[in-house]
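Taking our numbering, I'd label the letters of the sequence shown as residues 9 to 399. Heads up: the structure comes next, in C-alpha coordinates.
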Amino acid sequence: MPNALHPRSVAYVSRSGGMSNELNNIISRCTNGVYEGVAIGGDRYPGTTFTDHILRYHDDPNVKMIVVLGEVGGIEEYKICDALKSGRLFKPIVAWCIGTCAKLFTSEVQFGHAGACANAERETADAKNQALTEAGAYVPESFDTLGLVISEVYEQLVSAGVIVPQPEKEPPTVPMDYKWAQELGLIRKPSSFMTSICDERGEELLYAGMPISDVFKENIGIGGVLSLLWFQRRLPDYACKFLEMCLMVTADHGPAVSGAHNTIVTARAGKDLVSCLTSGLLTIGDRFGGALDGAARQFSGAYDSGLIPMEFVNSMRKQHKLILGIGHRVKSLENPDMRVVIIKDFVQSNFPATPLLSYALEVEKITTSKVGSYIIMAAVQIHVWLVQELV
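Here is the structure:
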(Lines of atoms letter the chains of each structure in order from A and count residues from 1; the text may use other names and numbers.)
(Lines give C-alpha, C1' and ligand atoms only; values in the text may rest on other atoms or scores of the structure.)
Protein backbone atom coordinates (compact mmCIF):
# COMPACT_ATOMS: atom_id res chain seq x y z
CA MET A 1 0.00 0.00 0.00
CA PRO A 2 1.41 3.43 -0.91
CA ASN A 3 1.68 6.22 1.67
CA ALA A 4 2.07 3.72 4.47
CA LEU A 5 5.28 4.99 6.06
CA HIS A 6 4.37 8.54 7.15
CA PRO A 7 1.53 10.20 9.12
CA ARG A 8 -1.84 9.95 7.36
CA SER A 9 -4.86 12.24 7.54
CA VAL A 10 -7.99 10.43 6.30
CA ALA A 11 -10.28 8.21 8.39
CA TYR A 12 -13.18 6.22 7.01
CA VAL A 13 -16.12 4.15 8.17
CA SER A 14 -17.87 1.63 5.97
CA ARG A 15 -20.71 -0.84 6.17
CA SER A 16 -19.01 -3.55 4.16
CA GLY A 17 -15.80 -5.17 5.27
CA GLY A 18 -15.06 -6.19 1.70
CA MET A 19 -15.56 -2.64 0.44
CA SER A 20 -13.20 -1.36 3.13
CA ASN A 21 -10.40 -2.99 1.13
CA GLU A 22 -11.37 -0.86 -1.86
CA LEU A 23 -11.58 2.25 0.33
CA ASN A 24 -8.05 1.60 1.57
CA ASN A 25 -6.93 1.44 -2.05
CA ILE A 26 -8.80 4.57 -3.22
CA ILE A 27 -7.86 6.74 -0.25
CA SER A 28 -4.20 5.70 -0.38
CA ARG A 29 -4.00 6.62 -4.08
CA CYS A 30 -5.86 9.94 -3.75
CA THR A 31 -4.51 11.29 -0.43
CA ASN A 32 -1.61 10.87 1.95
CA GLY A 33 -3.20 7.67 3.26
CA VAL A 34 -5.61 6.08 5.72
CA TYR A 35 -5.24 7.11 9.36
CA GLU A 36 -7.88 4.62 10.56
CA GLY A 37 -10.70 2.64 9.01
CA VAL A 38 -13.62 0.69 10.46
CA ALA A 39 -16.26 -1.53 8.85
CA ILE A 40 -19.29 -1.72 11.13
CA GLY A 41 -20.90 -4.62 9.25
CA GLY A 42 -24.12 -5.00 7.30
CA ASP A 43 -26.43 -6.13 10.10
CA ARG A 44 -29.60 -4.12 10.61
CA TYR A 45 -28.57 -3.52 14.23
CA PRO A 46 -24.74 -3.35 14.27
CA GLY A 47 -22.67 -3.18 17.46
CA THR A 48 -21.46 0.33 16.60
CA THR A 49 -22.86 2.98 14.29
CA PHE A 50 -21.51 5.41 11.72
CA THR A 51 -21.85 8.34 14.09
CA ASP A 52 -20.00 6.52 16.90
CA HIS A 53 -16.86 6.41 14.78
CA ILE A 54 -17.36 9.68 12.89
CA LEU A 55 -17.61 11.66 16.13
CA ARG A 56 -14.49 9.89 17.41
CA TYR A 57 -12.62 10.71 14.20
CA HIS A 58 -13.88 14.28 14.30
CA ASP A 59 -12.42 14.82 17.77
CA ASP A 60 -9.04 13.35 16.80
CA PRO A 61 -6.70 16.20 15.74
CA ASN A 62 -4.76 13.83 13.47
CA VAL A 63 -7.83 13.23 11.29
CA LYS A 64 -8.32 16.05 8.77
CA MET A 65 -11.11 14.57 6.62
CA ILE A 66 -13.59 11.71 6.86
CA VAL A 67 -14.94 9.28 4.27
CA VAL A 68 -18.25 7.45 4.75
CA LEU A 69 -19.42 4.54 2.60
CA GLY A 70 -23.01 3.70 3.46
CA GLU A 71 -25.52 1.58 1.62
CA VAL A 72 -29.18 1.11 0.88
CA GLY A 73 -31.32 0.33 3.93
CA GLY A 74 -31.57 1.88 7.38
CA ILE A 75 -31.52 5.52 8.43
CA GLU A 76 -28.13 5.78 10.15
CA GLU A 77 -26.87 8.23 7.49
CA TYR A 78 -29.53 10.76 8.53
CA LYS A 79 -27.84 11.05 11.95
CA ILE A 80 -24.75 12.23 10.09
CA CYS A 81 -26.89 14.82 8.33
CA ASP A 82 -28.26 16.07 11.66
CA ALA A 83 -24.74 16.38 13.10
CA LEU A 84 -23.60 18.36 10.04
CA LYS A 85 -26.56 20.70 10.21
CA SER A 86 -26.16 21.29 13.95
CA GLY A 87 -22.48 22.15 13.57
CA ARG A 88 -21.32 19.19 15.65
CA LEU A 89 -19.44 17.99 12.57
CA PHE A 90 -17.50 20.56 10.61
CA LYS A 91 -14.55 18.62 9.24
CA PRO A 92 -14.91 17.73 5.54
CA ILE A 93 -16.91 14.54 5.01
CA VAL A 94 -17.00 12.68 1.70
CA ALA A 95 -19.98 10.32 1.71
CA TRP A 96 -21.61 7.91 -0.66
CA CYS A 97 -24.37 5.31 -0.21
CA ILE A 98 -24.08 2.34 -2.56
CA GLY A 99 -27.17 0.58 -3.88
CA THR A 100 -28.48 3.28 -6.23
CA CYS A 101 -29.19 0.55 -8.76
CA ALA A 102 -32.09 -0.64 -6.61
CA LYS A 103 -34.43 1.75 -8.43
CA LEU A 104 -33.94 -0.26 -11.62
CA PHE A 105 -35.79 -3.18 -10.09
CA THR A 106 -39.59 -3.36 -10.13
CA SER A 107 -39.74 -4.45 -6.49
CA GLU A 108 -37.64 -4.06 -3.36
CA VAL A 109 -34.43 -6.08 -3.46
CA GLN A 110 -32.66 -7.65 -0.51
CA PHE A 111 -28.95 -7.20 -1.16
CA GLY A 112 -26.20 -9.26 0.47
CA HIS A 113 -26.28 -7.64 3.91
CA ALA A 114 -29.14 -8.23 6.31
CA GLY A 115 -29.74 -4.49 6.57
CA ALA A 116 -29.32 -3.77 2.85
CA CYS A 117 -32.99 -3.44 1.99
CA ALA A 118 -35.04 -0.24 1.72
CA ASN A 119 -38.37 -0.59 3.49
CA ALA A 120 -39.27 3.05 2.79
CA GLU A 121 -38.34 5.76 0.32
CA ARG A 122 -36.06 7.53 2.79
CA GLU A 123 -34.04 4.32 3.21
CA THR A 124 -33.04 4.22 -0.46
CA ALA A 125 -29.49 5.06 -1.44
CA ASP A 126 -30.63 7.96 -3.66
CA ALA A 127 -32.62 9.58 -0.85
CA LYS A 128 -29.73 9.33 1.60
CA ASN A 129 -27.20 10.64 -0.92
CA GLN A 130 -29.47 13.63 -1.55
CA ALA A 131 -29.86 14.28 2.18
CA LEU A 132 -26.10 14.13 2.71
CA THR A 133 -25.55 16.60 -0.11
CA GLU A 134 -28.06 19.04 1.36
CA ALA A 135 -26.47 18.70 4.80
CA GLY A 136 -23.08 19.78 3.46
CA ALA A 137 -21.24 16.52 2.81
CA TYR A 138 -19.21 16.03 -0.36
CA VAL A 139 -21.21 13.47 -2.35
CA PRO A 140 -19.96 12.18 -5.75
CA GLU A 141 -22.24 11.55 -8.71
CA SER A 142 -21.47 7.83 -8.54
CA PHE A 143 -19.10 5.41 -6.88
CA ASP A 144 -16.84 5.72 -9.94
CA THR A 145 -16.10 9.36 -9.07
CA LEU A 146 -15.65 8.76 -5.33
CA GLY A 147 -11.87 8.82 -5.66
CA LEU A 148 -12.00 12.05 -7.67
CA VAL A 149 -14.07 13.84 -4.99
CA ILE A 150 -11.79 12.54 -2.22
CA SER A 151 -8.79 13.85 -4.16
CA GLU A 152 -10.41 17.29 -4.69
CA VAL A 153 -11.27 17.70 -1.01
CA TYR A 154 -7.78 16.57 -0.01
CA GLU A 155 -6.15 19.10 -2.36
CA GLN A 156 -8.32 21.87 -0.89
CA LEU A 157 -7.06 21.00 2.59
CA VAL A 158 -3.48 20.96 1.33
CA SER A 159 -3.93 24.38 -0.29
CA ALA A 160 -5.40 25.75 2.93
CA GLY A 161 -2.43 24.41 4.92
CA VAL A 162 -4.60 22.08 6.99
CA ILE A 163 -2.64 19.10 5.64
CA VAL A 164 1.10 19.38 5.06
CA PRO A 165 2.27 16.63 2.68
CA GLN A 166 5.44 14.83 3.65
CA PRO A 167 7.83 12.98 1.35
CA GLU A 168 7.33 9.24 1.18
CA LYS A 169 9.91 7.30 3.18
CA GLU A 170 11.88 4.53 1.61
CA PRO A 171 10.33 1.22 2.64
CA PRO A 172 12.56 -1.12 4.62
CA THR A 173 14.20 -3.93 2.73
CA VAL A 174 12.22 -7.13 3.02
CA PRO A 175 14.47 -9.91 4.32
CA MET A 176 15.15 -12.84 2.05
CA ASP A 177 13.02 -15.92 2.64
CA TYR A 178 14.83 -18.23 5.06
CA LYS A 179 14.31 -21.39 3.02
CA TRP A 180 15.45 -19.69 -0.18
CA ALA A 181 18.54 -18.23 1.50
CA GLN A 182 19.37 -21.64 2.94
CA GLU A 183 19.09 -23.28 -0.49
CA LEU A 184 21.45 -20.64 -1.89
CA GLY A 185 23.94 -21.42 0.87
CA LEU A 186 23.82 -17.91 2.32
CA ILE A 187 22.78 -19.00 5.81
CA ARG A 188 22.71 -22.11 7.95
CA LYS A 189 20.98 -23.19 11.09
CA PRO A 190 22.84 -22.25 14.29
CA SER A 191 24.76 -24.97 16.07
CA SER A 192 22.76 -26.76 18.74
CA PHE A 193 25.84 -27.29 20.89
CA MET A 194 29.06 -25.32 21.09
CA THR A 195 32.14 -25.23 23.30
CA SER A 196 35.00 -22.80 23.67
CA ILE A 197 37.15 -25.34 25.57
CA CYS A 198 37.48 -28.49 23.49
CA ASP A 199 37.97 -28.16 19.72
CA GLU A 200 38.05 -31.16 17.38
CA ARG A 201 37.45 -29.37 14.08
CA GLY A 202 41.04 -29.61 12.91
CA GLU A 203 43.45 -32.45 12.35
CA GLU A 204 44.07 -32.83 16.08
CA LEU A 205 41.97 -32.49 19.22
CA LEU A 206 42.65 -29.30 21.17
CA TYR A 207 42.17 -28.72 24.90
CA ALA A 208 41.89 -24.94 25.38
CA GLY A 209 44.15 -24.51 22.36
CA MET A 210 46.69 -27.16 23.38
CA PRO A 211 47.05 -30.15 20.97
CA ILE A 212 46.33 -33.48 22.61
CA SER A 213 49.75 -34.76 21.50
CA ASP A 214 51.42 -31.95 23.49
CA VAL A 215 49.36 -32.93 26.53
CA PHE A 216 51.20 -36.27 26.55
CA LYS A 217 54.55 -34.95 25.35
CA GLU A 218 54.72 -32.47 28.20
CA ASN A 219 53.24 -34.99 30.65
CA ILE A 220 50.92 -32.42 32.23
CA GLY A 221 48.95 -35.16 33.97
CA ILE A 222 45.36 -35.17 35.17
CA GLY A 223 45.85 -31.87 36.99
CA GLY A 224 47.10 -30.20 33.82
CA VAL A 225 44.18 -31.54 31.80
CA LEU A 226 41.72 -30.29 34.41
CA SER A 227 43.37 -26.87 34.38
CA LEU A 228 42.83 -26.68 30.61
CA LEU A 229 39.24 -27.93 30.68
CA TRP A 230 38.04 -26.18 33.85
CA PHE A 231 40.08 -22.99 33.86
CA GLN A 232 40.78 -22.81 30.09
CA ARG A 233 44.46 -22.10 30.68
CA ARG A 234 47.66 -23.79 31.87
CA LEU A 235 47.95 -23.46 35.62
CA PRO A 236 51.32 -23.58 37.42
CA ASP A 237 52.65 -27.01 38.35
CA TYR A 238 51.77 -26.55 42.03
CA ALA A 239 48.15 -25.78 41.10
CA CYS A 240 47.97 -28.88 38.87
CA LYS A 241 49.43 -30.95 41.70
CA PHE A 242 46.79 -29.50 44.01
CA LEU A 243 43.99 -30.63 41.66
CA GLU A 244 45.40 -34.15 41.62
CA MET A 245 45.63 -34.15 45.43
CA CYS A 246 41.97 -33.11 45.60
CA LEU A 247 40.99 -36.14 43.54
CA MET A 248 43.10 -38.40 45.72
CA VAL A 249 41.80 -37.26 49.10
CA THR A 250 38.15 -37.25 47.99
CA ALA A 251 38.23 -40.45 45.92
CA ASP A 252 36.25 -42.44 48.49
CA HIS A 253 34.45 -41.38 51.65
CA GLY A 254 33.29 -44.86 52.56
CA PRO A 255 29.74 -46.23 52.67
CA ALA A 256 28.43 -44.19 55.60
CA VAL A 257 27.95 -40.78 53.97
CA SER A 258 24.46 -40.02 52.72
CA GLY A 259 25.33 -39.89 49.02
CA ALA A 260 26.98 -43.31 49.13
CA HIS A 261 24.14 -44.65 51.26
CA ASN A 262 21.55 -43.54 48.68
CA THR A 263 23.58 -45.19 45.93
CA ILE A 264 23.81 -48.43 47.91
CA VAL A 265 20.07 -48.50 48.62
CA THR A 266 19.29 -47.89 44.95
CA ALA A 267 21.68 -50.65 43.90
CA ARG A 268 20.05 -53.08 46.35
CA ALA A 269 16.74 -52.21 44.69
CA GLY A 270 18.10 -53.66 41.45
CA LYS A 271 18.47 -50.43 39.50
CA ASP A 272 21.09 -49.88 36.79
CA LEU A 273 24.49 -48.26 37.37
CA VAL A 274 23.53 -44.79 36.08
CA SER A 275 20.39 -44.66 38.24
CA CYS A 276 22.36 -45.72 41.31
CA LEU A 277 25.00 -43.07 40.74
CA THR A 278 22.54 -40.25 40.11
CA SER A 279 20.47 -41.16 43.18
CA GLY A 280 23.49 -40.24 45.26
CA LEU A 281 24.55 -37.20 43.24
CA LEU A 282 21.08 -35.63 43.19
CA THR A 283 21.01 -35.31 46.98
CA ILE A 284 24.12 -33.11 47.08
CA GLY A 285 23.03 -29.69 48.30
CA ASP A 286 23.67 -27.09 50.99
CA ARG A 287 22.65 -29.54 53.74
CA PHE A 288 24.68 -32.43 52.32
CA GLY A 289 27.93 -33.32 54.09
CA GLY A 290 30.30 -30.37 53.88
CA ALA A 291 27.78 -28.17 52.05
CA LEU A 292 30.51 -27.32 49.58
CA ASP A 293 28.80 -24.80 47.32
CA GLY A 294 26.99 -23.08 50.17
CA ALA A 295 30.18 -22.81 52.23
CA ALA A 296 32.10 -21.34 49.31
CA ARG A 297 29.34 -18.76 48.76
CA GLN A 298 29.27 -17.80 52.44
CA PHE A 299 33.02 -17.38 52.84
CA SER A 300 33.58 -15.59 49.53
CA GLY A 301 30.56 -13.34 50.13
CA ALA A 302 31.80 -12.30 53.55
CA TYR A 303 35.34 -11.76 52.27
CA ASP A 304 34.20 -9.71 49.27
CA SER A 305 31.94 -7.54 51.42
CA GLY A 306 34.85 -6.64 53.72
CA LEU A 307 33.63 -8.38 56.88
CA ILE A 308 36.38 -9.42 59.26
CA PRO A 309 36.07 -13.06 60.41
CA MET A 310 34.57 -12.12 63.80
CA GLU A 311 31.95 -9.92 62.12
CA PHE A 312 31.08 -12.77 59.78
CA VAL A 313 30.65 -15.25 62.66
CA ASN A 314 28.54 -12.78 64.67
CA SER A 315 26.34 -11.95 61.67
CA MET A 316 25.61 -15.65 61.10
CA ARG A 317 24.78 -16.06 64.79
CA LYS A 318 22.37 -13.11 64.71
CA GLN A 319 20.66 -14.58 61.65
CA HIS A 320 20.40 -17.96 63.38
CA LYS A 321 22.19 -19.56 60.44
CA LEU A 322 24.82 -22.28 60.41
CA ILE A 323 28.27 -21.55 59.01
CA LEU A 324 28.30 -24.21 56.33
CA GLY A 325 31.33 -26.50 56.09
CA ILE A 326 32.24 -26.03 59.76
CA GLY A 327 32.01 -28.94 62.20
CA HIS A 328 32.79 -32.67 62.22
CA ARG A 329 31.18 -35.52 64.13
CA VAL A 330 34.47 -37.33 64.79
CA LYS A 331 37.44 -35.10 64.03
CA SER A 332 38.57 -32.07 66.05
CA LEU A 333 41.61 -29.88 66.73
CA GLU A 334 43.07 -32.61 68.93
CA ASN A 335 42.20 -35.36 66.43
CA PRO A 336 42.53 -33.59 63.06
CA ASP A 337 41.36 -34.91 59.71
CA MET A 338 44.60 -35.76 57.90
CA ARG A 339 43.03 -34.85 54.56
CA VAL A 340 42.60 -31.30 55.85
CA VAL A 341 46.15 -31.23 57.19
CA ILE A 342 47.65 -32.50 53.92
CA ILE A 343 45.80 -30.01 51.71
CA LYS A 344 46.32 -27.06 54.06
CA ASP A 345 50.06 -27.70 54.43
CA PHE A 346 50.51 -28.07 50.67
CA VAL A 347 48.59 -24.90 49.83
CA GLN A 348 50.33 -22.80 52.47
CA SER A 349 53.75 -24.10 51.40
CA ASN A 350 53.38 -23.79 47.62
CA PHE A 351 50.84 -21.08 46.75
CA PRO A 352 52.08 -17.48 46.65
CA ALA A 353 48.86 -16.13 48.19
CA THR A 354 45.73 -17.70 49.65
CA PRO A 355 43.55 -14.81 50.89
CA LEU A 356 40.24 -16.66 50.87
CA LEU A 357 41.63 -19.82 52.48
CA SER A 358 43.39 -17.70 55.11
CA TYR A 359 40.07 -15.98 55.80
CA ALA A 360 38.35 -19.36 56.25
CA LEU A 361 41.09 -20.52 58.64
CA GLU A 362 40.62 -17.37 60.73
CA VAL A 363 36.93 -18.22 60.96
CA GLU A 364 37.93 -21.73 62.09
CA LYS A 365 40.03 -20.26 64.91
CA ILE A 366 36.96 -18.45 66.22
CA THR A 367 34.62 -21.45 65.96
CA THR A 368 37.07 -23.93 67.50
CA SER A 369 37.63 -21.60 70.46
CA LYS A 370 34.07 -22.54 71.45
CA VAL A 371 33.95 -26.20 70.40
CA GLY A 372 36.99 -28.19 69.30
CA SER A 373 35.08 -30.10 66.62
CA TYR A 374 34.02 -26.94 64.75
CA ILE A 375 36.79 -27.40 62.20
CA ILE A 376 36.80 -26.81 58.45
CA MET A 377 36.12 -29.91 56.40
CA ALA A 378 38.55 -31.00 53.67
CA ALA A 379 36.16 -30.62 50.75
CA VAL A 380 35.31 -27.08 51.88
CA GLN A 381 39.00 -26.14 51.68
CA ILE A 382 39.00 -27.40 48.11
CA HIS A 383 35.90 -25.41 47.18
CA VAL A 384 37.23 -22.24 48.78
CA TRP A 385 40.41 -22.51 46.72
CA LEU A 386 38.47 -23.18 43.51
CA VAL A 387 36.32 -20.09 44.07
CA GLN A 388 39.46 -18.07 44.73
CA GLU A 389 41.07 -19.23 41.46
CA LEU A 390 37.93 -18.88 39.34
CA VAL A 391 37.27 -15.34 40.54
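Think of the CB as a built atom: it goes at the ideal place given N, C-alpha and C, for glycine as much as any other residue.
C-alpha distance - Cys-89 paired with Lys-136, whole-angstrom precision: Taking the straight line from one Cα to the other gives about 9 Å.
Straight-line gap, Pro-179 to Pro-219 (C-alpha atoms, nearest Å): Pro-179 and Pro-219: Cα-Cα distance of roughly 52 Å.
Start-to-end residues for the alpha helix (DSSP H) that takes in Val-161: Where Val-161 is concerned, the enclosing alpha helix (DSSP H) stretches over 154-167.
Range covered by the alpha helix (DSSP H) that runs through Met-73: Unbroken run through Met-73 is the beta strand (DSSP E), 73-79; no alpha helix (DSSP H).
Cβ pair Ala-247, Phe-307 closer than 7 Å: No, the pair does not count as a contact, with Cβ atoms beyond the cut-off.
Span of the alpha helix (DSSP H) around Val-246: Here the sequence assigns Tyr to residue 246, which means Val is not the residue at that position. In the DSSP assignment, Tyr-246 falls within the unbroken alpha helix (DSSP H) covering 245-257.
Ala-19 in three-state terms, based on DSSP: DSSP, read as helix, strand or coil, puts Ala-19 in strand.
Backbone CA spacing between Gly-302 and Lys-329 [nearest angstrom]: Distance between the alpha carbons of Gly-302 and Lys-329: 12 Å.
CB of Val-147 within 7 Å of CB of Leu-140, strictly: Cβ distance < 7 Å, so Val-147 and Leu-140 count as in contact.
Per-residue DSSP class, three states only, for Asp-67: Asp-67: coil per DSSP, three-state reduction.
Minimum C-alpha distance to Glu-44 - residue among Pro-175, Arg-242, Pro-15 and Arg-209: For the set Pro-175, Arg-242, Pro-15 and Arg-209, the Cα lying nearest the Cα of Glu-44 is the one of Pro-15.
Limits of the beta strand (DSSP E) - the one that Val-102 falls within: DSSP places Val-102 in the uninterrupted beta strand (DSSP E) bounded by 101-106.
Burial state of Phe-320, where buried means 16 or more other Cβ atoms lie within 10 Å: Flag for Phe-320 reads buried.
Alpha carbon of Asn-270 to alpha carbon of His-261, nearest angstrom: The straight-line gap from Cα to Cα measures roughly 13 Å.
Whole runs of the beta strand (DSSP E) within the stretch 276-355, excluding any shorter than 3 residues: Along the stretch 276-355, the beta strand (DSSP E) does not occur as any fully enclosed run of 3 or more residues.
Sufficient close CB pairs (3 or more, under 8 Å) joining the stretch 202-217 to the stretch 227-245: With the cut-off at 8 Å, the stretch 202-217 and the stretch 227-245 touch.
Asp-51 - DSSP class collapsed to helix/strand/coil: Coil, per DSSP.
Sub-7 Å separation of Val-18 and Ile-34 beta-carbons: No, the pair does not count as a contact, with Cβ atoms beyond the cut-off.
Per-residue DSSP class, three states only, for Ile-230: Here Ile-230 sits in helix by DSSP.
Cβ neighbours of Leu-285 in the same chain (closer than 7 Å, five flanking residues each side left out): Closer than 7 Å at the Cβ level, and outside the excluded window around Leu-285, lie Thr-271.
Cα-Cα separation between Thr-375 and Gly-293, rounded to whole angstroms: Roughly 23 Å separates the two Cα atoms.
CA-to-CA distance, Asp-185 to Val-80, given in whole angstroms: Here the alpha carbon of Val-80 sits roughly 46 Å from the alpha carbon of Asp-185.
Bounding residues of the alpha helix (DSSP H) (the contiguous stretch that carries Asp-134): Residues 133-143.
Phe-201 - containing alpha helix (DSSP H), residue span: Where Phe-201 is concerned, there is no enclosing alpha helix (DSSP H), given that its DSSP letter is neither H nor E.
Host alpha helix (DSSP H) of Ser-366 (start-end): Ser-366 -> alpha helix (DSSP H) spans 363-376.
For Met-385, the first and last residue of its enclosing alpha helix (DSSP H): Judged by DSSP secondary structure, Met-385 falls outside any alpha helix (DSSP H); it is assigned neither H nor E.
Limits of the alpha helix (DSSP H) - the one that Val-223 falls within: 220-225 is the extent of the alpha helix (DSSP H) around Val-223.
Glu-176 - partner residues in DSSP beta bridges: Paired residue(s): none; Glu-176 is not in a bridge.
Residue interval of the alpha helix (DSSP H) (run including Ile-83): Taken as a continuous stretch (DSSP letters only), Ile-83 belongs to no alpha helix (DSSP H), as it is neither H nor E.
N-terminal and C-terminal residue of the alpha helix (DSSP H) that Ala-189 is part of: Its alpha helix (DSSP H) spans residues 186-191.
Rounded straight-line distance, which links the Cα of Ser-287 to that of Ser-266: In a straight line, the C-alpha of Ser-266 is about 10 Å away from that of Ser-287.
Where Gly-25 falls: helix, strand or coil (DSSP): In the three-state DSSP reduction, Gly-25 falls in the helix class (H, G or I).
Same chain, Cβ closer than 6 Å to Val-379, neighbours up to 5 away in sequence not counted: Result list for Val-379: empty, nothing under 6 Å.
Beta carbon of Ala-145 nearer than 7 Å to that of Ala-91: With contacts defined as CB atoms closer than 7 Å, Ala-145 and Ala-91 fail to qualify as a contacting pair.
Nearest-angstrom Cα separation, counted from Val-355 out to Ala-314: A small correction: the amino acid at residue 314 is Gly; Ala does not occupy that position in the sequence shown. Each residue's Cα considered, the two are about 23 Å apart.
Three-way DSSP call (helix, strand, coil) for Val-265 in this model: Coil at Val-265, not helix or strand.
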